[in-house]
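Residue numbers (the working numbering): 18 to 477. All residues carry an ideal CB built from backbone N, CA and C; glycine is no exception.
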């Protein structure tokens, strides 16, 4: 189990002073849902007008894949909500939810008990506490196994950073279809990290990746983490670390020669079984809904930029420059008139909402495990940056929810100790994202009113 920069596991006296991870995680969950509930406020009493997954859950419960509507109702009138004009797919005189369907499976129980117009925003708040709680357990495990030097208080601080100091905060209090997928995807992602660490539970990790793919498609690339972990932990007897004096090709070749590939492939095979099953299910659903196993249904969405999708596809280099600007360059607009600050509906740059990510550009340590976390994060981010949508409408780059847990794991391992400045920057990130959670999709003039998705920068 070789890893450069691995520290000794916690000593017995250190472990005795560290609270049990499950107890802290339970406290994290309770605090998170209380805070999210306070910021969701009046939303808790009603369902989101964009409760697509509730309609899909209702369809599943009635043995169909299309939204249950009166066949006599004309298009763009009453069914589905909004007349289908907001990300509903219309195909063959029927309405469908084109988004990956696992969140609808999660919704099936409350829909069965309360109907498809149940207050899904309150349910989402209960779901939103899961990811921070599981993240704390993961960070604690990194410390106990000697991969991280973080104290339990620093791990709690990193958990607070995710829960309240990233765009996950504003995401957690919305309840609309796009944000529900992020909330469930983050919970699955945190559970995946726990099972994939040290390639310990291949089948469970593969099942979680499969469910994650059926929630947020790009997170399939997190599977890379399991493969890299299997390689890291399965070294031949007597294997040593390649010399830093060798060139990269030589080091990689030596590392490959000293890897137990039989053990690696055994783990990867067990991991792949549920992943392949998930892909097959996805293709079958496409065939049953749209007559083609490759057809996801996104080109049938009743949206303003359907023509763009038909011309350039869902993923294309054409979208990269816009999405890079959204993820890395967007700042608040400063004005001399109230409300003095405005935000583009494309949101704020990642380093503005969570400046801690900048620390990964100059890590304090070198660790193969941290590299194993960063590589799939970059892969997911690259795919998201090629997507036809920037995440519009948002407070910050919401697609970072797909890979933020991976980055925070790397930050726990490679980052510098949190002295006074670290806690100050944490408070800053929480303040910024508290503002987002309090103002996004609320009646105010903080967000630029352009509905064309073309207003990214402040006009001259």
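Can you give me the C-alpha to C-alpha distance between residue 91 and residue 69, rounded to a whole angstrom? With a pLDDT of only 49 at residue 91, under 50, the local geometry of the prediction cannot be trusted, and the value read off the model is given with reservation. So the alpha carbons of these two residues sit roughly 19 Å apart.
Given residue 347 as reference, the closest of 339, 354, 353 once Cα atoms are compared: 339
Going along the chain, which residues of its own chain have a beta-carbon closer than 8 Å to the beta-carbon of residue 175, five neighbours each way excluded? 152, 156, 167, 425, 428, 429
Residue 243 and residue 237 closer than 7 Å at C-beta: no
Apart from the five residues on each side of it in sequence, which residues of its chain come closer than 8 Å, Cβ to Cβ, to residue 408? 343, 363, 364, 414, 415, 416
Would you give the residue range spanned by the beta strand (DSSP E) that residue 457 belongs to? No beta strand (DSSP E) contains residue 457, which DSSP labels as neither H nor E.
Spatial neighbours of residue 289 within its chain, please: CB distance less than 8 Å, with the 5 preceding and 5 following residues excluded, ordered by chain position. 223
Alpha carbon of residue 201 to alpha carbon of residue 314, nearest angstrom: 21 Å
Residue 432 and residue 376: beta carbons closer than 7 Å? yes
Hey, how far is the Cα of residue 372 from the Cα of residue 172? 17 Å
State the start and end residues of the unbroken alpha helix (DSSP H) segment that holds residue 368. 367 to 370
Inter-residue spacing [alpha-carbon to alpha-carbon] between residue 454 and residue 444: 15 Å
Using 7 Å as the threshold, is the C-beta distance between residue 276 and residue 320 below it? no
Going residue by residue through the region 91 to 178, where are the continuous alpha helix (DSSP H) segments of at least 4 residues, counting only ones entirely within it? 119 to 131, 137 to 145, 147 to 161
Expressed to the nearest angstrom, what Euclidean distance is found between the alpha-carbon atoms of residue 387 and residue 394? 11 Å
Status (buried if at least 16 other CB within 10 Å, exposed otherwise) for residue 284: buried
Proximity to residue 360 [Cα-Cα], best of 411, 336, 379: 411
Using the rule of at least 16 other Cβ atoms within 10 Å of the residue's Cβ for burial, across every protein chain shown, is residue 294 buried or exposed? exposed
Mind listing, in chain order, the continuous alpha helix (DSSP H) runs of no fewer than 4 residues lying wholly within the region 384 to 410? 385 to 402
Is it the case that the Cβ atoms of residue 225 and residue 208 are separated by a distance below 7 Å? yes
By DSSP, does residue 474 sit in helix, in strand, or in coil? coil
Backbone CA spacing between residue 463 and residue 51 [nearest angstrom]: 25 Å
Whose C-alpha, out of 147, 473, 263, is nearest the C-alpha of residue 204? 147
In angstroms with no decimal places, state the Cα-to-Cα distance between residue 37 and residue 55. 28 Å
7 Å Cβ cutoff met for residue 57 and residue 123: no
From the DSSP output, read off the bridge partner residues of residue 413. 365
Give a single yes or no on whether residue 473 has its beta carbon closer than 6 Å to a heavy atom of the ligand NAD. In terms of ligand content, the structure shown is empty, and the ligand NAD therefore cannot be addressed.
Classify residue 164 as buried or exposed, calling it buried when 16 or more other Cβ atoms lie within 10 Å of its own Cβ. buried
Smallest Cα separation from residue 287: which of 218, 53, 352, 131? 218
In terms of DSSP beta bridges, what is residue 359 paired with? 350
Which of helix, strand or coil DSSP assigns to residue 82: coil
Does the contact criterion of 3 or more C-beta pairs under 8 Å hold for the region 319 to 335 versus the region 254 to 271? no
Please report whether the beta-carbon of residue 374 lies at a distance below 7 Å from any beta-carbon of chain D. In the structure shown, chain D does not exist; there is a single protein chain.
In chain order, each alpha helix (DSSP H) run of at least 4 residues that lies wholly inside the region 221 to 269: 240 to 250
Cβ-Cβ separation, residue 246 to residue 216 (assumed contact under 8 Å), whole Å: 4 Å
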